[in-house]
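Residue numbers (UniProt numbering): 1 to 286.
Every residue, glycine too, gets a C-beta built ideally from N, C-alpha and C.
All values derive from a computational prediction rather than experimental measurement.
What follows is one structure encoded as structure tokens, with my remarks underneath.
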Amino acid sequence: MAPPSTQRTSAAHDAFQMELEDELRLPTTERMLAAFGGRLRCFERFLLSRQYDVAQAAEAFRLTAAFRRSHGLDGEAAYDISEELRVRVSALWPATYCGTTADGSPVQVLRLGKLDPNAMLEVSDEEFAAYYIWWMEGSLRLQVEAYARSAPPASGLVDVYDCSGLGFAAFTRVQPMLARVLSIGKQYYPENLRTAVIVRAPLGFASAWSLVSNVLSERTVAKFDIRSDDGKQPLLELLGSEERLLALQAAMGRPSSLASSSHADHASGAAADMGWGSWALSKVTG
1 MAPPSTQRTS AAHDAFQMEL EDELRLPTTE RMLAAFGGRL RCFERFLLSR QYDVAQAAEA
61 FRLTAAFRRS HGLDGEAAYD ISEELRVRVS ALWPATYCGT TADGSPVQVL RLGKLDPNAM
121 LEVSDEEFAA YYIWWMEGSL RLQVEAYARS APPASGLVDV YDCSGLGFAA FTRVQPMLAR
181 VLSIGKQYYP ENLRTAVIVR APLGFASAWS LVSNVLSERT VAKFDIRSDD GKQPLLELLG
241 SEERLLALQA AMGRPSSLAS SSHADHASGA AADMGWGSWA LSKVTG
């Protein structure tokens, strides 16, 4: 007999599929399932995010499907934004993708100390949201690629936040806009985060963290490891080699390269970096 947890998971998946019987027949839903890593992984995302409450998970799925239809995310062509917006907003994000963990999860880093509040506040919420959706769609594609390479398949992104030079006053200026836009990730990209490591957290970081964590689910908050040191030990365990750790540390110290035309361009441009892929904006949603 299968373990109870396996029985529960299997029963929940079956009930979830029955609940969404009509929606699952739509062509756009098929593309949504593929974007979220296939039927099994997609179901798992929504069920985990709602503690296996099938009715709540199904409602979240329907809301996400409607959101994706309204933004054209599951059409014949991949979602895109204008080159002008991509270049302008990406220049404000001191972030990049940096390959994968030892078991295949894509890794991304955000250097919080490099945030420029004056420049960020010149971008409208609508523009920022469009860019963020584009970025999240790219993160889904990276995860699909990771699932195909790893066995068992990796689940979710690993985020690294470097707080070197982070000023509380600067952060609080952009926090309201960040919270509004990043709520898109919380609602429409469930279980996108595997784990997050915040490194070099300064004295008083708890105040800044409270501004962010109060908009996150309890499950997501539990995925964060906040450290005052450089996080070498947990990062080394995740990455699996000193070589990858050195590449990550190098990524933390160099300018952002997010203005290329696609996520594929990011990856090919960084291919010489010890076999690591590209880098992008990290999210604090799971």
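Spatial neighbours of residue i within its chain, please: C-beta separation below 7 angstroms, excluding the five flanking residues on both sides.
| i | result |
| --- | --- |
| F224 | A196 and I198 |
| D103 | S150 and A154 |
| G231 | V197 and V199 |
| Q7 | none |
| L85 | E127, A130 and Y131 |
| T29 | E23 and A65 |
| R69 | T28 |
| I184 | A129, Y132 and I133 |
| D125 | M177, R180 and V181 |
State the start and end residues of the unbroken alpha helix (DSSP H) segment that holds residue i.
| i | result |
| --- | --- |
| Y188 | F168 to Y188 |
| C42 | R39 to S49 |
| D125 | D125 to R149 |
| N214 | Careful: N214 lies outside any alpha helix (DSSP H) and carries neither H nor E. |
| F36 | Unbroken run through F36: none, as it is neither H nor E. |
| P152 | Unbroken run through P152: none, as it is neither H nor E. |
| S90 | E83 to S90 |
| E59 | V54 to S70 |
| P117 | P117 to M120 |
| A251 | E242 to M252 |
In the DSSP assignment, the beta strand (DSSP E) including residue i goes from what residue to what residue?
| i | result |
| --- | --- |
| D230 | That residue, D230, is in no beta strand (DSSP E); it is neither H nor E in DSSP. |
| F224 | F224 to I226 |
| A95 | A95 to T100 |
If we ignore side chains and look at the alpha-carbon of each, how far apart do residue i and residue j end up?
| i | j | result |
| --- | --- | --- |
| A95 | S207 | 23 angstroms |
| S10 | M32 | 21 angstroms |
| W135 | A55 | 29 angstroms |
| G167 | V181 | 21 angstroms |
| E145 | T100 | 11 angstroms |
| A179 | V215 | 7 angstroms |
| G204 | D80 | 39 angstroms |
| V123 | L193 | 26 angstroms |
| D116 | G156 | 28 angstroms |
| E237 | G113 | 25 angstroms |
| S268 | A169 | Only weak support is given to the placement of S268: the predicted model assigns it a pLDDT of 33, under 50, and the value that follows is read from those uncertain coordinates. Each residue's alpha carbon lies about 37 angstroms from the other. |
| G165 | R111 | 9 angstroms |
| E218 | Y52 | 15 angstroms |
| A12 | L142 | 27 angstroms |
| R227 | R25 | 46 angstroms |
| C42 | A34 | 8 angstroms |
| Q17 | R50 | 15 angstroms |
| P152 | P106 | 15 angstroms |
| G240 | L48 | 27 angstroms |
| Q233 | T172 | 30 angstroms |
| L73 | W209 | 31 angstroms |
| A272 | N118 | Residue placement at A272 is poorly supported in this model, since its pLDDT is 29, which falls under 50; the coordinates still yield a value, given next. Distance between the alpha carbons of A272 and N118: 34 angstroms. |
| V158 | R244 | 14 angstroms |
Quick check: residue i and residue j, are their CB atoms within less than 8 angstroms of each other?
| i | j | result |
| --- | --- | --- |
| A201 | C163 | yes |
| V174 | L235 | no |
| F128 | V87 | no |
| F67 | L20 | no |
| E242 | R45 | no |
| M120 | L92 | yes |
| residue 300 | C98 | Residue 300 lies beyond the range of the chain shown here (1 to 286); nothing can be said about it. |
| G253 | Y147 | no |
| V109 | A250 | no |
To which residues of the same chain is residue i closer than 6 angstroms at the C-beta, ignoring the five residues directly before and after it?
| i | result |
| --- | --- |
| V221 | S213 |
| L211 | Q175 |
| G75 | none |
| R39 | L33 |
| A77 | none |
On the DSSP bridge assignment, give the partners of residue i in chain order.
| i | result |
| --- | --- |
| D159 | Q108 and A196 |
Report all residues from its chain with a CB closer than 8 angstroms to the CB of residue i; omit the five preceding and five following residues, and keep chain order.
| i | result |
| --- | --- |
| A15 | V54 |
| H71 | Y79 and I133 |
| D229 | V199 and R200 |
| A58 | F16, E19, L20 and F46 |
| L63 | Q187 and Y188 |
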